[in-house]
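Colleague: Numbered as in the working numbering, the sequence shown ends at 410 without a single skipped number.
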Amino acid sequence: MDFHIYRPDEMLADTVLTDFILDTIVENLSWLFGDDMGSAENREKWISYNLRTEDPVLHAAVAEDLPERMGFILYAVEDRRLVFHDVEIAVSRRFSPNLLLGLFRTIFLAEGGNFDTMGGYINRRNGVSLDNFIRYATTVGERERGCSFVIDAGATRKIIARVCGRGRE
């Protein structure tokens, strides 16, 4: 299994990768957001909003054993914070902890010098993600349909050390 980081322009240029990302999001989240997520119009809106913007920031860490892609994490680094936008694993690979750890390790090694804290937003109805991320949060903010979370610098360093097997270099 290989792990790669893709920049927005690389995702946009690789239609098979973009389709995999969108297909996986639709497969995993249509129960939460509705069946129309996969419509051509909504797919194009996602691409325009995330990849064709004037200054796209979204990156993807992707787990691959080509030709199969197994999962990804969409993220951005903004103001020295690693912001998780989406963590998705293909249904057939859900019970593969090494896949998820590999994705996080890839991001931490590639971006480690660019962030001090981590954070994101989780829909309240997504109980699995709430359980997995909120336990590490040092700050949780309630929002209309979910909560935002921040993992402070100290906790971030501990997580990186645990995942990477060492501290930041």
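Ideal placement from N, C-alpha and C gives every residue a C-beta, glycine not left out.
If you follow the alpha helix (DSSP H) that S289 is part of, which residue opens it and which one closes it?
Modeller: Position 48 of the sequence shown holds residue 289. Start and end: 281-291.
Colleague: Can you give me the C-alpha to C-alpha distance between V303 and D372, rounded to a whole angstrom?
Modeller: As a working note, residue 303 is residue 62 in the sequence shown. As a working note, residue 372 is residue 131 in the sequence shown. Computed Cα separation, rounded: 23 Å.
Colleague: Just list the residues that DSSP pairs Y362 with in beta bridges.
Modeller: The residue you call residue 362 lines up with position 121 of the sequence shown. Looking at the DSSP assignment, Y362 forms a beta bridge with S389.
Colleague: Can you tell me which of the three DSSP states E410 falls into?
Modeller: Residue mapping note: residue 410 aligns to position 169 of the sequence shown, counting from 1. No answer about E410 holds up, because its pLDDT of 43 lies below 50 and its placement is not dependable.
Colleague: If we call anything under 8 Å between Cβ atoms a contact, is T358 one with R384?
Modeller: Walking along the sequence shown from the start, residue 358 turns up at place 117. Walking along the sequence shown from the start, residue 384 turns up at place 143. No, the Cβ-Cβ distance between T358 and R384 is not below 8 Å.
Colleague: I330 to F374, Cα distance in whole Å?
Modeller: Within the sequence shown, the letter at position 89 stands for residue 330. Within the sequence shown, the letter at position 133 stands for residue 374. The straight-line gap from Cα to Cα measures roughly 15 Å.
Colleague: Once you ignore the five residues that flank S389 on each side, which residues in its own chain have a CB closer than 6 Å to its CB?
Modeller: As a first step, residue 389 must be located in the sequence shown, where it is residue number 148. Y362, G382.
Colleague: The beta strand (DSSP E) with M311 in it runs from where to where?
Modeller: Counting from one through the sequence shown, the residue named residue 311 turns up at place 70. From DSSP, the beta strand (DSSP E) with M311 extends over 309-319.
Colleague: So if DSSP puts R322 in a beta bridge, which residue, or which two residues, is it bridged to?
Modeller: To locate residue 322, count along the sequence shown from 1; it is residue 81. DSSP output for R322 lists E319, T358 as bridge partner(s).
Colleague: Beta strand (DSSP E) containing G353: first to last residue?
Modeller: Residue mapping note: residue 353 aligns to position 112 of the sequence shown, counting from 1. Per DSSP, G353 belongs to no beta strand (DSSP E) and is neither H nor E.
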